Amino acid sequence: MKDLKRHQQQHEAQPVIKRQQLYQTIAAIPYGKVASYGQLANLAGQTGAARWVGWCLRHLPHDSRLPWHRVITSSGKLAFPPTTEKFLRQCEKLEQEGIRLKNHKVLMKVYQWQP
DNA sequence: CTGTTGACTTAGG
DNA sequence: ACCTAAGCCAACA
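This is the structure we're talking about:
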């Protein structure tokens, strides 16, 4: 077989595929549990791409049914600045699942998803 | 290819 | 516990 060389620009998997794997991982977070951006990147096969996870969620369709509210930072804080609308919406959804917040923070020891 | 962006992470002080 | 700097990486223009 003849190897067709990529002339420039290393095309690997289509971006859509990678994002779908990430979405699949996020969808697997159980009700009442949370996962961090870095944790999800690793589980989705993109080790170290925590910021990419944030990028994907920021560009998530507004009508998405993904449990985006179960994604928080590694320290247990929400990614949004307090007092913002999104911050409050996420707080509601988390508490609705029985996840109590201690001073704007989630107790990772208790609530972090352990696959 | 280069440069920029982002709902991040980690190590040090 | 809080702040900063540097590292990280896919997606995009």
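Quick note on the working numbering: the first sequence kicks off at 62 and runs consecutively.
Glycine included, every Cβ here is placed at the ideal spot set by N, Cα and C.
The model shown is predicted, which means the values in this text are computed figures rather than measured ones.
- By alpha-carbon distance to residue 159, the top candidate from 149, 150, 172 and 165 is 172.
- Per the Cβ contact rule, the segment 129-148 is not in contact with the segment 102-109 (fewer than 3 Cβ pairs under 8 Å).
- A distance below 7 Å between beta-carbons, with the five flanking residues on each side excluded, links residue 138 to the following residues of its chain, in chain order: 165 and 166.
- In the displayed model, residue 105 falls within coil according to three-state DSSP, outside both helix and strand.
- Residue pairing of residue 173 in beta bridges, as defined by DSSP: 95.
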